[in-house]
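In the numbering used here, the protein residues as written are 3 to 1091.
All C-beta atoms, glycine included, are put in the ideal place defined by N, C-alpha and C.
From a predicted model like this one, the values you see are computed outputs, not experimental measurements.
Here's the structure we're looking at; comments come further down.
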Amino acid sequence: MIDTPTSPITSGLPLFFVITVTAIKQGYEDWLRHNSDNEVNGAPVYVVRSGGLVKTRSKNIRVGDIVRIAKDEIFPADLVLLSSGRPDGSCHITTASLDGETNLKTHVAVPETAVLQSLANLDTLVAVIECQQPEADLYRFMGRMIITQQMEEIVRPLGPESLLLRGARLKNTKEIFGVAVYTGMETKMALNYKSKSQKRSAVEKSMNTFLIIYLIILISEAIISTILKYTWQTEEKWDEPWYNQKTEHQRNSSKILRFISDFLAFLVLYNFIIPISLYVTVEMQKFLGSFFIGWDLDLYHEESGQKAQVNTSDLNEELGQVEYVFTDKTGTLTENEMQFRECSINGIKYQEINGRLVSEGPTPDSSDGNLSYLSSFSHLNNLPHLTSSSSFGTSPENETELIKEHDLFFKAVSLCHTVQISNVQTDGIGDGPWQASLAPSQLEYYASSPDEKALVEAAARIGVVFIGNYEETMEVKILGKLERYKLLHILEFDSDRRRMSVIVQAPSGEKFLFAKGAESSILPTCIGGEIEKTRIHVDEFALKGLRTLCMAYRQLTSKEYEVINRRLFEARTALQHREEKLANAFQFIEKDLILLGATAVEDRLQDKVRETIEALRMAGIKVWVLTGDKRETAVSVSLSCGHFHRTMNILELINQKSDNECAEQLRQLARRITEDHVIQHGLVVDGTSLSLALREHEKLFMDVCRNCSAVLCCRMAPLQKAKVIRLIKISPEKPITLAVGDGANDVSMIQEAHVGIGIMGKEGRQAARNSDYAIARFKFLSKLLFVHGHFYYIRIATLVQYFVFQNVCFITPQFLYQFYCLFSQQTLYDSVYLTLYNICFTSLPILIYSLLEQHINPHVLQNKPTLYRDISKNRQLSMTNFLYWTILGFSHAFIFFFGSYFLMGKDISLLGNGQMFGNWTFGTLVFTVMLITVTVKMALETHFWTWINHFVTWGSIIFYFVFSLFYGGILWPFSDSQNMYYVFFQLLASGSVWFAIILMVVICLLLDIVKKVFDRHFHPTNTEKAQMYSNTVALSDEFIALQPLSRARNQLSKFSLLKQIQVSSAWTPCAASQKEKQRAHLLEECWNE
């Protein structure tokens, strides 16, 4: 049995409090997740049973159940589409919750089940579905349906177009029936659940290191005390004094057991040096502090009505430690609002101006150099379905050929896509000029990408209007004349081919293949057309920062189509190696193309992107752009947004074919960096070369990247983005990384980085949901890092160091007291004080400081990004600062203890009745001096005073005095001992005690004040210089006194308004955010005057 020096309540209550608060927080979050899970798993669904609909819960669905889903409902399992409310058995869905894509996607049922639109018909269905085992790939599904009709088996292939994924939502379709093939944790959505690695901030890691050090100090103190106790007891008079005789059991007990028992008792006595309550205070600080980001009006986007969101509060301080920013381009740096700007048709470049195509030079055989116009096709009439114009200035033969090329080009644009239409009202469309006859509400396009939508809308403005899909027919209006094309096949886009194609049958019966894709995938397959001219035009478009696509076609003979149709059917019905067979079939089909031209759409930069990137660079943060776009487009955007400078030496690692070639190129780049006398270098690397570099030459690649101010990675796959960030994270420097993106393809890098920022853009909410923080625009990143990140880091760093300091001050006198009580494990403080020290007496001032402290004006922080360097690399929690706070705590503790001992310990005149200090009186004096000192120390650290700071700081000291008078003035019936009865009254009744308290507090804090003054005047940091400058400008009377009387009056009125602003916005950050701008504006006016 260990004779504990403190009661179990004293030791256990703080731990119980910490565990309880943490459990409540974690339990609340678990409860929210539990409710969310129940909402999904318990959602009502209707299942077909015995020819009728039965209502059940989504968690009860089994494989083989036929489920009915109505419009705008979410699919509860992975379903194979059987039929829909449409005659052709098609339906539209949106998968924004899965991949972030907000476009409508079309899914179709096999013809044999598409006609089964009633419950009675579905009840007669006899079919078997064979499909692959569950896998996580959202876009891959292979299977087949064997349907038995009239004793005959019909086999139909099933692909991704037949599978409705769990989590997707039904749109623009009344209802559908589908059979469940994957349920529960076997659905593709469940298989894509990625257990996010627990992100821990640099402050947390430092905090754990400090606690380990203090654990070592605790164990050391306990060992030293135990050894000294037995050393002291070697003298017989101290081993068993006359007033403390041992029992027989104690004399016969094992010395080893006694040593262990004493060691454990000292551990209990000194355990308060470990700040258990630090964890709960940090949790509260992070949780409550995260609300300020959402309340910040500067991070609110009025156009979209979106405010900043905090998905995790554990990384607030990490925003102040970022060294690398990895950002997507499209939708993050740009608006992701595509506008058609230019095109190249048959080697001639055109710009769109007011719905008309204007060529940049004379057309072939033109006799003048005037601009030629292609105006909505309204002047072309020499072809069966077009009208003519004389504005081309060409001969009739060339004019006919030219018109044919334009006709095919815009037909390819209007037919080669996966665009869907909602709210279609086709009356009057295309009968006249586009702008006059078609209102936006009449036709609304939904596309798989903004590029497709922009191209189809551009073709409609020119006069070739896509009306929609009806069963297997695509309808196009050309100047009021409706043409129906039978859609025979769609060759879907994939990242390997980087193109898509459609095979259609024209009204005349001719069959055409129209292809669209990147120039690197289209041009090599072309055997005709203006290939070289188009290639030049594509490069020119890319240099302007435009996104380019090439269009080509091929006319198919009946025999060629039969071969193509057979190969596609065989490939699509194959259960083994279907993807490989499809790729071979696509390659066989998409060849011998005739190039029609190229398109160029613009994705303009977001507001203040250039300023934000420049500010990040000034803050010492390296910016990498990771994009899937082609090199020319990416480089142009990098130059326009300030990521690359015109004077920067641009290095390239592109088109590498082998490991050896890549290694040699990296060595050459490394030599150029060392030899070129250029301050800044930029690196451009493509996805293929990056794969080679990361495979065998990581160190060489990293050496090149570290010496570059900016890096641009183009043609990147989503997983490559994550690999790049992982490579930087594990580099020897271990820098803090931040990733910014807006699309589902950015989720992997957002989750990989130390801090993930989601842009709430137009590519769904997948990135925002998987991020740690979500903002509406890239420009808000500067305020998030330079202001919120700076404040959060300073606050929590001070919180951690202050907790260490106050606990050292608290427990060191306990250790010193053992030298005066023969290491008998007698406690210096009353058990109530031991319990309430961290919970009540000292907790609120540091908590409020960690929530409201603003050591410098927020606008100074945002306008001076270089101040961010002062807190980089976790400088505030360096070992030097840790040792300073630790030594400060020990020095203060020595002053508390020995000051009280020498000043008051033997003063017989202390008490009115002539009594000397007792044990509890001495301990209470030490505790009082300590409490006042650590509280006033917190006040010295505070720069931004509000009424709340004053209330909790001085209120904590007052509460201690009131509580001690109350606690010591009553004989508590439930207490075993009345050690503190009337002790505090007698203590405060002595004038000597008041003098001693004031003297020791002043001596303790004077050392700290002197150091602060010395450092500020002789070794000020940039932040301290900014503090002194802002204070001087804001408060200097001489600044006003030196002005003429009329100007001084004006400035005094401005300063009085300034003080009103400071008072009214004292503690509400969202109000302060607006009013600080007014404050800064007034200061600027005064300075200018």
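Per DSSP, which one or two residues make a beta bridge with CYS93? By 1-based counting over the sequence shown, the position of residue 93 is 91. Answer is HIS109, bridged to CYS93.
Specify, as a first and last residue, the run of the beta strand (DSSP E) that HIS1019 falls within. In the sequence shown, residue 1019 corresponds to position 1017, counting from 1. Not the beta strand (DSSP E): HIS1019 falls in the alpha helix (DSSP H), residues 993-1020.
Straight-line gap, ALA576 to PRO159 (C-alpha atoms, nearest Å): Taking the first residue of the sequence shown as position 1, residue 576 is located at position 574. Taking the first residue of the sequence shown as position 1, residue 159 is located at position 157. Those two C-alpha atoms are separated by around 8 angstroms.
To test your reading of the DSSP string, which unbroken beta strand (DSSP E) runs of 3 or more residues are found completely within the segment 475-526? 475-480, 483-493, 501-507, 513-519
Pick from SER292, LYS57, TYR216, TYR232 that is closest to SER263, judged by C-alpha positions: Residue 263 sits at position 261 when you count from the first residue of the sequence shown. Among SER292, LYS57, TYR216, TYR232, the Cα nearest to that of SER263 is on TYR232.
For CYS811, which three-state DSSP category applies? Numbered from its first residue, the sequence shown carries residue 811 at position 809. Residue state, collapsed to three classes: helix.
Between GLU474 and LYS488, is the Cβ-Cβ spacing less than 9 angstroms? Along the sequence shown, read from residue 1 onward, the residue named residue 474 stands at position 472. Along the sequence shown, read from residue 1 onward, the residue named residue 488 stands at position 486. The answer is yes: Cβ separation under 9 angstroms.
Around the Cβ of GLU581, are there at least 16 other Cβ atoms within 10 angstroms (buried) or fewer (exposed)? Within the sequence shown, the letter at position 579 stands for residue 581. GLU581 is exposed by the Cβ-count criterion.
Neighbourhood of ARG168 by C-beta distance below 6 angstroms, restricted to the same chain and skipping five residues each side: In the sequence shown, residue 168 corresponds to position 166, counting from 1. Excluding residues within five positions, the ones whose Cβ falls inside 6 angstroms are PHE77, ALA79, ASP80, THR189, MET191.
Determine the extent of the beta strand (DSSP E) in which ASP688 is found, giving its start and end residues. Locating residue 688 in the sequence shown gives position 686, counting from the first residue. Here the beta strand (DSSP E) through ASP688 covers 683-688.
On the DSSP bridge list, what partners appear for MET553? Within the sequence shown, the letter at position 551 stands for residue 553. In DSSP, MET553 forms a bridge with LYS518, GLY599.
As assigned by DSSP and simplified to three states, the class of TYR141: Taking the sequence shown and counting its residues from 1, one reaches residue 141 at position 139. Correct three-state label for TYR141: coil.
Would you mind working out which of SER510, GLU512, PRO509, LEU490 sits nearest SER503, comparing C-alpha positions? Here residue 503 corresponds to residue number 501 of the sequence shown, with the count starting at 1. Per the Cα distances, LEU490.
Within 8 angstroms, do at least three Cβ pairs link the segment 340-353 to the segment 596-605? yes
Shortest alpha-carbon distance to LEU714 belongs to which of ARG697, GLN878, TYR555, LEU685? Taking the first residue of the sequence shown as position 1, residue 714 is located at position 712. Nearest of ARG697, GLN878, TYR555, LEU685 to LEU714, Cα basis: LEU685.
Residue of GLU572, ARG669, LEU628 minimising C-alpha distance to ASP330: Working through the sequence shown from its first residue, we reach residue 330 at position 328. Taking only the C-alpha atoms, the option nearest ASP330 is LEU628.
Straight-line CA distance for VAL128 to GLN151? For the purposes of this step, residue 128 is taken as residue 126 along the sequence shown, with counting starting at 1. For the purposes of this step, residue 151 is taken as residue 149 along the sequence shown, with counting starting at 1. The straight-line gap from Cα to Cα measures roughly 8 angstroms.
Determine the extent of the beta strand (DSSP E) in which PHE328 is found, giving its start and end residues. In the sequence shown, counting from the first residue as 1, residue 328 sits at position 326. Where PHE328 is concerned, the enclosing beta strand (DSSP E) stretches over 326-329.
With distance defined between alpha-carbon atoms, name the residue in LYS309, LEU271, ASP316, GLU114 nearest to SER203. Within the sequence shown, residue 203 is the residue found at index 201, counting from 1. Looking at the Cα atoms, ASP316 is the closest of the given residues.
Using the DSSP secondary-structure output, state which residues sit across from ASN471 in a beta bridge. Looking up residue 471 in the sequence shown gives position 469. ASN471 is bridged to MET476.
Continuous alpha helix (DSSP H) stretch holding PHE1098: start and end: For residue 1098 there is no data in the structure shown, the boundaries of the chain being 3 and 1091.
Please list, in chain order, all residues of the same chain as ILE652 whose beta carbon is under 7 angstroms from its beta carbon, the five residues on each side excluded. In the sequence shown, residue 652 corresponds to position 650, counting from 1. The answer, listed in chain order, is PHE646, GLY684, VAL686.
Between ALA520 and the rest of its own chain, which residues show a CB-CB distance below 6 angstroms, the 5 nearest in sequence each way excluded? In the sequence shown, residue 520 corresponds to position 518, counting from 1. Counting only Cβ-Cβ distances below 6 angstroms, and skipping sequence neighbours, we find ARG500.
Taking all protein chains shown into account, do 16 or more other C-beta atoms lie within 10 angstroms of the C-beta of GLN311, making it buried, or fewer, making it exposed? Working through the sequence shown from its first residue, we reach residue 311 at position 309. Buried.
Quick one: what does DSSP say THR739 is sitting in, helix, strand or coil? One-based indexing of the sequence shown puts residue 739 at position 737. If DSSP states are grouped into helix, strand and coil, THR739 belongs with the strands.
Inter-residue spacing [alpha-carbon to alpha-carbon] between ASN876 and VAL205: Here residue 876 refers to the residue found at position 874 of the sequence shown. Here residue 205 refers to the residue found at position 203 of the sequence shown. For ASN876 and VAL205, the distance between alpha carbons rounds to 7 angstroms.
CA-CA distance, GLU494 and GLU163? By one-based count along the sequence shown, residue 494 stands at place 492. By one-based count along the sequence shown, residue 163 stands at place 161. Their Cα atoms are separated by approximately 10 angstroms.
Rounded to the nearest angstrom, how far is the Cβ of LEU702 from that of ASP661, given a contact under 8 angstroms? Numbered from its first residue, the sequence shown carries residue 702 at position 700. Numbered from its first residue, the sequence shown carries residue 661 at position 659. Their Cβ separation, rounded to whole angstroms, is 11 angstroms, which puts LEU702 and ASP661 out of contact at 8 angstroms.
Kindly indicate which residue of ASP631, GLY470, PHE514, GLY465 has the alpha-carbon position closest to the one of LEU481. Here residue 481 refers to the residue found at position 479 of the sequence shown. For the residues ASP631, GLY470, PHE514, GLY465, the minimum Cα distance to LEU481 belongs to GLY465.
Which residue or residues does DSSP assign as beta-bridge partners of LYS57? Sequence index remark: in the sequence shown, residue 57 carries index 55 (1-based). For LYS57, which the question treats as bridged, DSSP gives the partners TYR48.
Strictly by DSSP, which residues pair up with LYS624? For the purposes of this step, residue 624 is taken as residue 622 along the sequence shown, with counting starting at 1. BP columns for LYS624 point to TYR326.
If you draw a straight line from the C-alpha of LEU376 to the C-alpha of ALA414, how long is it? Locating residue 376 in the sequence shown gives position 374, where the first residue counts as 1. Locating residue 414 in the sequence shown gives position 412, where the first residue counts as 1. Because the pLDDT of LEU376 is 48, which lies under 50, any placement of that residue in the model is unreliable, and the question is left without a value.
Can you name the start and end residues of the alpha helix (DSSP H) that GLN667 belongs to? Here residue 667 refers to the residue found at position 665 of the sequence shown. That run of the alpha helix (DSSP H) goes 661-677.
Could you name the residues that DSSP lists as bridge partners for LYS351? Taking the sequence shown and counting its residues from 1, the one referred to as residue 351 is at position 349. Answer is SER346, bridged to LYS351.
Have a look at THR336, HIS408, TRP297 and flag the residue whose alpha-carbon is nearest the alpha-carbon of LYS351. Here the question's residue 351 lines up with position 349 in the sequence shown. Nearest of THR336, HIS408, TRP297 to LYS351, Cα basis: HIS408.
Give the DSSP-derived three-state secondary structure of ILE21 in the structure shown. For the purposes of this step, residue 21 is taken as residue 19 along the sequence shown, with counting starting at 1. Of the three classes helix, strand and coil, the one that applies to ILE21 here is helix, per DSSP.
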